[in-house]
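Engineer: Here it is, the structure in full.
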Amino acid sequence: YLSNLYPGAKTDAERYGNKLVYYYTKDNFIVGDLTYWADLGNIQSFTMYDMKTGQPISQCNIYSQAGLYKDADLLLSVSFIGEAPNAKNGVCLYERGAPNFTFIDLTSKLGADETLFSDPTGQNLKANITNVDTQQKTFAVDVYDTTKKDADGNYAYTRSMKVSY
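In this text, residue positions in the sequence shown follow my numbering: the first is -6, and each later residue adds one.
Listed below in structure tokens is the structure:
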């Protein structure tokens, strides 16, 4: 199934090497999308696929630049589902052995002028997940104020939100 072609591919490594199977069971597999085919350490995002059909089954993606990988059992990042203007902001997580990714919708916990992303388009996923406690099943997520910007034009950090999973 992993046959997305790298643009301008000249070798098999370039043709098929921009995906990395991260974990699999008899029912599904998780793929890490590589930013560059030759750099196995630079995973852009994780998506879950159905083992029989090869089709994506996760409703959210886990983005490595906004995420955390801990103890080989947890993948976690700020994420969203849906399309603007009705997209929901939250966190996407995967605990090893689960049948699918879980989306925790945090939209209702955000104020009218708050977001989990650091830029106006909602595409710059620099929000950090911190203070992960796998025993208590909690973590913190950065929240940004959409009415204030820093010198680089990103939304200004406003607070940290504690989340349970």
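No residue lacks a Cβ here, since even glycine has one placed at the ideal position from N, Cα and C.
Am I right that residue 50 and residue 69 are in contact with their C-beta atoms under 8 Å? What's the rounded C-beta distance?
Structural biologist: In fact, because the Cβ distance is near 18 Å, the residues do not count as touching under 8 Å.
Engineer: Starting from residue 50, trace the beta strand (DSSP E) both ways and give me its first and last residue.
Structural biologist: Looking at the DSSP string, residue 50 is not in any beta strand (DSSP E), and its letter there is neither H nor E.
Engineer: Return the residue from the list 105, 15, 84 and 148 that minimises the CA-CA distance to residue 131.
Structural biologist: Of the listed residues, the one whose Cα sits closest to residue 131 is 84.
Engineer: Could you check if residue 17 is buried or exposed, using at least 16 other CB atoms within 10 Å of its CB as the buried criterion?
Structural biologist: Residue 17 is exposed by the Cβ-count criterion.
Engineer: If you follow the beta strand (DSSP E) that residue 141 is part of, which residue opens it and which one closes it?
Structural biologist: 131 to 142
Engineer: In terms of residues, what are the limits of the beta strand (DSSP E) holding residue 73?
Structural biologist: Here the beta strand (DSSP E) through residue 73 covers 67 to 74.
Engineer: Once the 5 residues before and after residue 148 are set aside, which same chain residues still bring their CB inside 8 Å of it?
Structural biologist: 108, 110, 111, 112, 113, 137, 138, 139, 141 and 142
Engineer: Rounded to a whole number of angstroms, what is the C-alpha to C-alpha distance between residue 12 and residue 40?
Structural biologist: 10 Å
Engineer: Determine the closest residue to residue 122 out of 2, 67 and 21, with distance taken between C-alpha atoms.
Structural biologist: Taking only the C-alpha atoms, the option nearest residue 122 is 67.
Engineer: Going along the chain, which residues of its own chain have a beta-carbon closer than 6 Å to the beta-carbon of residue 94, five neighbours each way excluded?
Structural biologist: 41, 51, 53, 85 and 87
Engineer: Opposite residue 83 in the DSSP bridges: which residues?
Structural biologist: 72 and 98
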